[in-house]
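Below: one structure, written as structure tokens.
In the working numbering, the protein residues as written are 22 to 248.
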């Protein structure tokens, strides 16, 4: 019996060590972060209702890009790196090293705009991760406002990752419903578009209309948007 309880206690401690959360200042939104089988994963709830189901985070780099610097040339006769796929992996095999919770609240006045003052108020969760197989470190900084979530990846100074080229971003947004979105087209050339308001299911049908005002528009895809 004692052995069973002790094993359960260790399992619970490991689960807690890999799971953290942060709430919005008004307490209505909650973000849960955890390491799921080595993969950074987050979930977002609003008023106790899940709006973003468990979604993975991470990148895939171009093979060998982390071994080069910005001035080097890729030679076609370079020997093939047998560990290229492993080095390109920046999405699995992570562990949580540490975390920080912070809060910030300020009000600033813009020179122009519709609002005379803007309040910048959020609660923050910073998770610091290590990928042992590549001896690589990645931080993810989440900020929860009363009206939304923002997050970014940060790559601290480190010996084994001084330069890289992103082959694919693997950030997921597993929406649980046909939510309302405010968006502009995801375009390589310009961001000079008017914001659109549609359901997620309505993005494809509105895309052509959304880009008509700009002759230089080259949308990345029929449902690729910036929000």
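Ideal placement from N, C-alpha and C gives every residue a C-beta, glycine not left out.
**Prompt:** DSSP state of residue 169, grouped into three classes?
**Reply:** Here DSSP, grouped into helix, strand and coil, assigns residue 169 to strand.
**Message:** Just verifying my parser: in three-state terms, what is the DSSP assignment at residue 155?
**Reply:** In the three-state reduction of the DSSP assignment, residue 155 falls in the helix class.
**Contacting residues, own chain, Cβ-Cβ under 7 Å from residue 239 (five flanking each side not counted)** = 208, 209 and 210
**Check whether residue 143 and residue 46 have beta carbons under 8 Å apart** = Residue 46 sits close to residue 143, with the two beta carbons spaced by under 8 Å.
**Message:** Whole angstroms are fine: how far does the CA of residue 214 sit from the CA of residue 164?
**Reply:** 26 Å
**Item:** Burial state of residue 55, where buried means 16 or more other Cβ atoms lie within 10 Å
**Value:** buried
**Prompt:** By Cβ distance, which residues of its chain are closer than 6 Å to residue 179, with the 5 residues on each side in sequence left out?
**Reply:** 158
**Prompt:** By a C-beta neighbour count over all protein chains shown, 10 Å radius and 16 as the cutoff for buried, is residue 129 buried or exposed?
**Reply:** exposed
**Asked** Using the beta-carbon count (16 or more within 10 Å), is residue 110 buried or exposed?
**Response** buried
**Message:** For chain C, check one thing: does any of its Cβ atoms lie closer than 8 Å to the Cβ of residue 149?
**Reply:** Absence of chain C from the displayed structure is noted, only one protein chain being present.
**Request:** Tell me residue 77's beta-bridge partners as DSSP assigns them.
**Result:** In the DSSP assignment, residue 77 is bridged to 62.
**Closest residue to residue 154 among 223, 63, 108 and 217 (Cα-Cα distance)** = That would be 108, whose Cα lies nearest to the Cα of residue 154.
**Request:** Tell me whether residue 179 sits in a helix, a strand or coil according to DSSP, three-state version.
**Result:** coil
**Prompt:** Taking the alpha helix (DSSP H) that residue 136 falls in, what are its first and last residues?
**Reply:** No alpha helix (DSSP H) contains residue 136, which DSSP labels as neither H nor E.
**Item:** Same chain only: Cβ atoms within 8 Å of residue 175, ignoring 5 sequence neighbours per side
**Value:** 159, 160, 161 and 162
**Message:** Can you list, in chain order, the residues of its chain with a C-beta nearer than 6 Å to that of residue 204? Leave out the 5 residues immediately preceding and following it.
**Reply:** 217, 246 and 248
**C-beta atoms of residue 74 and residue 202 nearer than 8 Å** = Inclusion of residue 74 and residue 202 in the CB contact set at 8 Å is not warranted, their separation being larger than that value.
**Message:** Below 8 Å on the Cβ atoms is my contact criterion, and I expect residue 120 with residue 41 to pass it. Report the Cβ-Cβ distance as a whole number of Å.
**Reply:** 5 Å
**Asked** Under the rule that 16 or more other beta-carbon atoms within 10 Å means buried, what is residue 250, buried or exposed?
**Response** With the chain represented from 22 up to 248, any question about residue 250 goes unanswered, as that position is not in the structure.
**Message:** Mapping the DSSP letters down to three states, classify residue 247 as helix, strand or coil.
**Reply:** strand
**Asked** Is residue 52 closer than 8 Å to residue 170 when the C-beta atoms are compared?
**Response** Taking C-beta atoms as the reference points, residue 170 and residue 52 count as a pair closer than 8 Å.
**Request:** Compute the Euclidean distance between the alpha carbons of residue 197 and residue 67, then round it to the nearest angstrom.
**Result:** 12 Å
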